[in-house]
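A.B. asks:
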Ligand code: 4AD
Ligand code: MG
């Protein structure tokens, strides 16, 4: 080991220690006797100020260059650690006039940095979001593991379209010889490889329900794919979804309590671990005041009445994005559960309400910025009712779960990127992951 990451220098090192760091110059000021360079290596939001005597040879030390610096730690007049360099090596130079798209003086709006996906994690904004995203994954696993949930890796290749919305990407081999040979075996062209039509998963829920009937509470955090023809600020073709399935769960209230506890935990943990990143994201990203307030619950019918009173309940059946955001605003910016949805608006697996067979025990959680961030429900556990709604006999295995040692379960799916939008104050979902995919955008 011949250097330390800046996060650990700032955490552990002391004034007077000889230290080596490697990173990128994020700002540079040349004064009479010294050069002041702010170096960041991605390990934390902070930059380490380097003081370089002009006597050291440093011609190619410019904004954007990568450097290896050796020196002694001292304390700045403001009480911060800084490194007084006695050796500076430029590892890779960076000549802005050769087309480097960033500079430290002008702000770079997200629409601009999105044109440079391969370089944009060098901006403060994207690097802060990505560090928060990284910590978020840890906190999610910590939360569920501490509550004895079992983490299940649900398959990415699947023959089910769980949501039934027809938004699946179809999988086919791209090898002519393989396809030809398999067709000669009498296979159908559409399902030549697996013998049935196969897709990239839109949700791991149905597999989680199978695991839940032996392992108890289970969860999965993985990539999810939807072939929606949407370029909105809230949709991706590939996103990460956290899905949990709760064993022996027979009321929507139980499910709501788990979702609410989980979301509050996550926001508080991120505030503890990523305060500097939240600070970098500036005023858009204060931890919301609602973390210590109870979430609101509205039935679908109550939500519609509120929207009617506001004069924005159009004839459309569901609740559109504008209406979702209006409901959250109506509730003072506090997240809102909308529960008990009309059966015909929701997926086949949702459980009918006991006192109203036209409704299902489904919930959407709405938040500021994104509207819907979670979708969930109790699952239909009655064999005959489920049989009558089963969309395909390829889901017979799913039906059979209700036949042996059946239990009531409920679960939810939370879009990781939407949660990051709320957490980081990011308007466009494409700025919450390093390499977003949306229609016509999969080149990098
Ligand atoms: O509401 P959805 O479709 O629910 C399900 O897939 C259930 N099977 C989950 C479950 O109960 N296990 O999706 C869940 C969440 C949405 O609330 C949203 O946050 C996110 O996934 N989501 C998307 N995020 C980004 N881009 C898209 N195209 C998304 N589609 C859904
Ligand atoms: Mg939904």
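Numbering (UniProt numbering), first residue to last: 22 to 465. We treat Cβ as the ideally placed atom computed from N, Cα and C, and that holds for glycine.
Which of helix, strand or coil does DSSP assign to residue 246?
C.D. replies: strand
A.B. asks: Does residue 366 come out as helix, strand or coil in the three-state DSSP assignment?
C.D. replies: In the structure shown, residue 366 sits in a helix (DSSP, three-state: H, G or I).
A.B. asks: Could you check where the beta strand (DSSP E) with residue 425 kicks off and where it finishes?
C.D. replies: Element bounds for residue 425: n/a, residue is neither H nor E.
A.B. asks: Rounded to the nearest angstrom, what separates residue 461 and residue 184 at their Cα positions?
C.D. replies: 24 angstroms
A.B. asks: What do you reckon, are the CB atoms on residue 346 and residue 392 nearer than 8 angstroms?
C.D. replies: yes
A.B. asks: Give me every residue whose Cβ sits closer than 7 angstroms to any heavy atom of ligand 2, in chain order.
C.D. replies: 385, 393 and 396
A.B. asks: Run through the segment 51-138 for me and flag every whole alpha helix (DSSP H) of 4 or more residues, listed as ranges in chain order.
C.D. replies: 131-134
A.B. asks: In angstroms with no decimal places, state the Cα-to-Cα distance between residue 266 and residue 430.
C.D. replies: 7 angstroms
A.B. asks: Tell me the DSSP secondary structure of residue 230 in three-state form.
C.D. replies: helix
A.B. asks: Can you name, in chain order, every residue of its own chain whose Cβ lies under 7 angstroms from the Cβ of residue 259, other than the five neighbours on each side?
C.D. replies: 244, 246 and 458
A.B. asks: Helix, strand or coil: how does DSSP classify residue 26 here?
C.D. replies: If DSSP states are grouped into helix, strand and coil, residue 26 belongs with coil.
A.B. asks: Determine, using beta-carbon pairs with one atom in the segment 82-98 and one in the segment 27-45, whether at least three such pairs fall under 8 angstroms.
C.D. replies: The segment 82-98 makes contact with the segment 27-45, as at least three CB pairs between them are under 8 angstroms.
A.B. asks: For residue 46, which residues does DSSP report across the bridge?
C.D. replies: 60
A.B. asks: Quick one: residues in its chain with C-beta nearer than 7 angstroms to the C-beta of residue 176, no 5 flanking neighbours on either side, listed in chain order?
C.D. replies: For residue 176, where only same-chain residues beyond five positions count, the Cβ hits under 7 angstroms are 222 and 228.
A.B. asks: For the candidate residues 385, 65 and 444, whose alpha-carbon lies nearest to that of residue 14?
C.D. replies: This structure leaves residue 14 out entirely; the chain is present only between 22 and 465.
A.B. asks: Comparing C-alpha positions only, which one of 282, 369, 130 and 173 sits nearest to residue 449?
C.D. replies: 130
A.B. asks: For residue 71, which residues from the same chain have a beta carbon less than 6 angstroms from its beta carbon, with the 5 sequence-adjacent residues on both sides left out?
C.D. replies: Excluding sequence neighbours, residue 71 sits near 58, 60, 90, 104 and 106.
A.B. asks: So the alpha helix (DSSP H) residue 276 belongs to, where does it begin and stop?
C.D. replies: 273-294
A.B. asks: Thinking C-beta only, is residue 218 closer than 8 angstroms to residue 180?
C.D. replies: yes
A.B. asks: Which same chain residues end up closer than 6 angstroms to residue 310 when comparing Cβ atoms and leaving out the 5 residues on each side of it in sequence?
C.D. replies: none
A.B. asks: Here's a check: name, in chain order, each residue in its chain whose Cβ is nearer than 6 angstroms to the Cβ of residue 50, leaving out the five neighbours to either side.
C.D. replies: 57
A.B. asks: Looking at residue 262: is its Cβ nearer than 8 angstroms to the Cβ of residue 397?
C.D. replies: no
A.B. asks: If we ignore side chains and look at the alpha-carbon of each, how far apart do residue 438 and residue 149 end up?
C.D. replies: 14 angstroms
A.B. asks: My output table needs one value for residue 338: the three-state DSSP class, helix, strand or coil.
C.D. replies: coil
A.B. asks: Is any heavy atom of ligand 1 found at a distance shorter than 7 angstroms from the C-beta of residue 275?
C.D. replies: Checking every heavy atom of ligand 1 against the Cβ of residue 275, none is found closer than 7 angstroms.
A.B. asks: Can you tell me the Cα-Cα spacing of residue 282 and residue 303, whole angstroms?
C.D. replies: 26 angstroms
A.B. asks: Let me check understanding here. Comparing Cα to Cα, which of 173, 128 and 48 lies closest to residue 237?
C.D. replies: 173
A.B. asks: With DSSP as the reference, label residue 401 as helix, strand or coil.
C.D. replies: Coil.
A.B. asks: Any idea which residues DSSP pairs residue 462 with across the strands?
C.D. replies: 459
A.B. asks: Between the alpha carbons of residue 463 and residue 251, how many angstroms are there, rounded?
C.D. replies: 14 angstroms
A.B. asks: Going by DSSP, which residues form a beta bridge with residue 40?
C.D. replies: 92
A.B. asks: Can you tell which of 88, 128, 125 and 133 has the C-alpha that lies nearest to the C-alpha of residue 114?
C.D. replies: 88
A.B. asks: Report, in whole angstroms, the separation of the C-beta atoms of residue 426 and residue 141, which I expect to be a contact under 8 angstroms.
C.D. replies: About 51 angstroms separates the two Cβ atoms, so there is no contact after all.
A.B. asks: How far does the beta strand (DSSP E) with residue 388 in it extend, from its first residue to its last?
C.D. replies: 377-388
A.B. asks: Do the segment 268-284 and the segment 398-413 make contact, defined as three or more Cβ pairs closer than 8 angstroms?
C.D. replies: yes
A.B. asks: Please specify which runs of the alpha helix (DSSP H), each continuous and at least 4 residues long, are wholly inside the segment 313-357, giving them in chain order.
C.D. replies: 321-330 and 342-351
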